[in-house]
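Trainee:
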Amino acid sequence: MLTIVLRPLFVLFLFSVLTGVVYPLFITGLGQSFFPRQANGSLLWQGGKPVGSELIAQPFSKARYFQGRPSAVDQITANSGASNYGPTSAKLMDSLKERIAAVVRSNPLADKENLPADLVLTSGSGLDPHLSPKAALLQADRIARARRITKESVIALITKNVEQKQAGFLGAERVNVLKLNLALDAMKGAVDE
1178 MLTIVLRPLF VLFLFSVLTG VVYPLFITGL GQSFFPRQAN GSLLWQGGKP VGSELIAQPF
1238 SKARYFQGRP SAVDQITANS GASNYGPTSA KLMDSLKERI AAVVRSNPLA DKENLPADLV
1298 LTSGSGLDPH LSPKAALLQA DRIARARRIT KESVIALITK NVEQKQAGFL GAERVNVLKL
1358 NLALDAMKGA VDE
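Start counting at 1 in the sequence shown, then tack on 1177, and there's your number in the numbering used here.
If you want it as structure tokens, here you go:
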């Protein structure tokens, strides 16, 4: 009777150690050895302090900063996800109208009919850290006015920070909003309001 009870307990203990200790330590060791930056969250640092991850969106609301893609979860990682509203949802249509009005209000030169989708539609995770170059360029005038710099210098900064398609054909060209805002803060001659 004792062997009948001890054998399953031993197997439970063995697999608990293998899958709960050995395997996670092995994978952590591989990650730290071959991809330490990514394994530690792809953090961006400024002045010796982490300011965020380049892989997770952060909210920016001040006029002097590029504003990222809207988030159905307010960029809270604990409950990432989409709103799951369908195309016939009245709530979705109302929120789209509000977002379009907000983009046009904060970017007076924005053409309401040709707004980039990523400025008004949320991503599947709600944590997308990128914008299309077109969405970033649309904000250049507002940022130039708020920082008292030329629009051309903002456009040059956007162009310099465009990330190309992965492997030359996967995805689309994009701009990381946090990196772009950090580059804005590092610009010489910019005056914040």
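All residues carry an ideal CB built from backbone N, CA and C; glycine is no exception.
In chain order, which alpha helix (DSSP H) runs of at least 4 residues are fully inside the segment 1227-1269?
Mentor: none
Trainee: What did DSSP end up calling Val1339 once you bin it into helix, strand or coil?
Mentor: Looking at Val1339 - three-state DSSP - the assignment turns out to be strand.
Trainee: Between the alpha carbons of Leu1230 and Lys1328, how many angstroms are there, rounded?
Mentor: The identity of residue 1230 in the sequence shown is Ser, whereas the question assumes Leu. The alpha-carbon atoms of Ser1230 and Lys1328 are separated by roughly 27 Å.
Trainee: Determine, using beta carbons only, whether Leu1308 and Val1352 come nearer to each other than 8 Å.
Mentor: yes
Trainee: Where does the unbroken beta strand (DSSP E) through Gln1223 begin, and where does it stop?
Mentor: Leu1220 to Gln1223
Trainee: Going by beta carbon distance, what residues of the same chain come within less than 7 Å of Ser1193, once the five residues before and after it are set aside?
Mentor: none
Trainee: Is it right to say Arg1241 is buried, meaning 16 or more other beta carbons lie within 10 angstroms of its own, or is it exposed?
Mentor: Arg1241 is buried by the Cβ-count criterion.
Trainee: If you reduce the DSSP assignment to three classes, tell me which class Val1331 lands in.
Mentor: helix
Trainee: Quick one: residues in its chain with C-beta nearer than 7 Å to the C-beta of Leu1232, no 5 flanking neighbours on either side, listed in chain order?
Mentor: Ser1219 and Pro1306
Trainee: Just verifying my parser: in three-state terms, what is the DSSP assignment at Val1297?
Mentor: coil
Trainee: Throw me the rounded Cβ distance for the Leu1375 and Ile1320 pair, which I believe falls under 8 Å.
Mentor: Lying before the first or after the last residue shown, residue 1375 is absent from the chain, which here runs from 1178 to 1370.
Trainee: For Val1331 and Ala1317, which I take to be in contact (beta-carbon distance under 8 Å), what is that distance rounded to the nearest angstrom?
Mentor: 4 Å
Trainee: Between Val1199 and the rest of its own chain, which residues show a CB-CB distance below 8 Å, the 5 nearest in sequence each way excluded?
Mentor: Same-chain partners within the cutoff: there are none.
Trainee: State the start and end residues of the unbroken alpha helix (DSSP H) segment that holds Arg1214.
Mentor: Per DSSP, the continuous alpha helix (DSSP H) segment holding Arg1214 begins and ends at Pro1213 to Ala1216.
Trainee: Which residue or residues does DSSP assign as beta-bridge partners of Arg1184?
Mentor: None; Arg1184 has no bridge partner.
Trainee: From the DSSP output, in three-state form, read off Leu1308 for me.
Mentor: strand
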